[in-house]
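Shown next, in structure tokens, is the structure this report addresses.
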Amino acid sequence: MIFRLLKQMAGTCALAAFALSLNAAEGVTLINQRAAMNGKVTAADTPGFPVTISEPGIYRLSGNLTVPDAMTTAIQITVDNVALDLNGFSIIGPNVCTPNPVRCTFSGGGIGVMAVGPAGVVSPANVRVMNGMVRGMGGHGIRMMGDGTMVEKVQSMSNGGPGIVVGAGSVIDSVANLNGSGTALVGLIVRGNISNNNVFGIFVRPGGVATGNTASFNMAGGISVNNATATGNTSYSNGDYGIDGVCPGVITGNTAFRNGTVNIRTNGACTLADNAQ
23 MIFRLLKQMA GTCALAAFAL SLNAAEGVTL INQRAAMNGK VTAADTPGFP VTISEPGIYR
83 LSGNLTVPDA MTTAIQITVD NVALDLNGFS IIGPNVCTPN PVRCTFSGGG IGVMAVGPAG
143 VVSPANVRVM NGMVRGMGGH GIRMMGDGTM VEKVQSMSNG GPGIVVGAGS VIDSVANLNG
203 SGTALVGLIV RGNISNNNVF GIFVRPGGVA TGNTASFNMA GGISVNNATA TGNTSYSNGD
263 YGIDGVCPGV ITGNTAFRNG TVNIRTNGAC TLADNAQ
């Protein structure tokens with residue numbers, strides 16, 4: 023677990039250093055609806071959606087992006103070392119989801135931001151998305167499966183699929199609500215997030231850490247850690263469990279209450295200490 027976390031931290035530091043040096047050297051590429059329609063944001067980008075980011079660099083929205091239907095992906099990243107700043111703007115699809123239980127008007131394959139390699143190809147690494155909203159997509163809000171990926175300060179809501187899913191990466195200070203299927207937030211390091219009114223709240227991959235998150239009013243479960251660590255989280259009023267641990271793992275210093283079936287559960291010999299329920 024320690025080796026994997028150190029590897030993740032190294033990837034995060036490398037991405038930050040890359041972004042700073044690139045910003046000074048080469049500037050920022052702006053993306054808006056007009057640029058999406060015109061194409062050539064990068065060499066491989068054709069007119070219309072998805073906007074294809076095929077060159078390393080820093081990209082920034084200068085306006086909202088609106089896709090025409092639930093099957094359309096807004097931004098597809100095909101290369102390592104990309105920083106995408108949503109800059110307070112939104113990526114918008116047609117979907118609307120309502121709670122209790124979560125139901126959405128559309129389902130489809132459209133993803134807000136996608137950085138996933140085709141079968142047999144390694145997904146883009148060191149990709150960061152930050153500072154905005156993704157809502158109303160037919161499928162995932164954000165899906166990035168490469169090493170060193172990071173989503174920070176993003177709200178993902180009313181998407182037909184999961185809200186934010188990263189592979190060996192981090193989800194930090196973000197919000198997921200009213201996402202229609204799967205687990206709303208998935209990552210290796212999941213820190214300081216809010217997940218509410220989804221199907222499942224938060225899932226942490228093996229060797230990872232969930233800390234400082236709040237999961238509430240999710241239709242099934244709140245926070246699930248698989249051979250991982252959950253510390254300092256709050257999980258309440260979820261339909262089934264508050265915190266679920268697949269052992270071995272560590273579950274310490276959490277608060278879980280008013281969950282439908284059980285507040286904290288494990289399937290074996292996890293380390294449990296100082297939890298309130």
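In my numbering, the protein residues as written are 23 to 299. Don't be surprised by glycine CBs; every beta carbon is placed ideally from N, CA and C. In this text the structure is predicted, and so the values were computed from the model without any measurement.
In this structure, the beta-carbon distance from Ile75 to Val63 falls below 8 Å. With contacts defined as CB atoms closer than 8 Å, Ala137 and Met166 qualify as a contacting pair. As computed with DSSP, Cys269 is found in no beta bridge at all. Unbroken beta strand (DSSP E) stretches of 3 residues or longer found wholly inside the region 176–248: 186–188, 192–194, 197–199, 205–213, 216–218, 222–233, 236–238 and 245–248, given in chain order.
Here Met166 carries a strand assignment [DSSP, helix/strand/coil]. For Asn285, the secondary structure class from DSSP, reduced to helix, strand or coil, is strand. The Cβ atoms of Gly170 and Ala141 lie no closer than 8 Å to each other. In the three-state DSSP reduction, Gln55 falls in the helix class (H, G or I). A distance below 7 Å between beta-carbons, with the five flanking residues on each side excluded, links Gly182 to the following residues of its chain, in chain order: Ala92, Asn117, Cys126, Phe128, Ser129, Gly130, Met159, Gly160, Gly161, Gly202 and Ser203. Sequence-distant Cβ neighbours of Ile53 in its own chain, meaning closer than 8 Å and more than five residues away, are Val63, Val73, Tyr81, Arg82, Leu83, Ser84, Leu87 and Ile97. At the C-beta level, Ile265 and Ala252 come within 8 Å of one another.
Counting along the chain, Asn153 sits inside the beta strand (DSSP E) bounded by residues Val149 to Arg157. Contact between Ala206 and Ser217 holds: CB atoms are separated by about 5 Å, below the 8 Å threshold.
If you draw a straight line from the Cα of Asn103 to the Cα of Thr283, it is about 43 Å long.
For Ala298 and Ile245, the gap between their C-alpha atoms comes out near 15 Å.
At least 8 Å separates the beta-carbon of Ala242 from that of Val212. Residue burial annotation: Arg56 is exposed, with fewer than 16 other C-beta atoms found within 10 angstroms of its C-beta. Ranking Gly271, Leu294 and Tyr258 by CA distance to the CA of Asn285 puts Tyr258 first. Here Thr236 is buried, its C-beta having at least 16 other C-beta atoms within 10 Å. With contacts defined as CB atoms closer than 8 Å, Asn219 and Asn240 qualify as a contacting pair. Closest by C-alpha distance to Pro121, out of Ser180, Asn215, Ser112 and Ser196, is Ser180.
Rounded to whole angstroms, the gap between the alpha carbons of Glu77 and Ala66 is 9 Å.
With respect to Val173, Val193 sits close: the two C-beta atoms are nearer than 8 Å.
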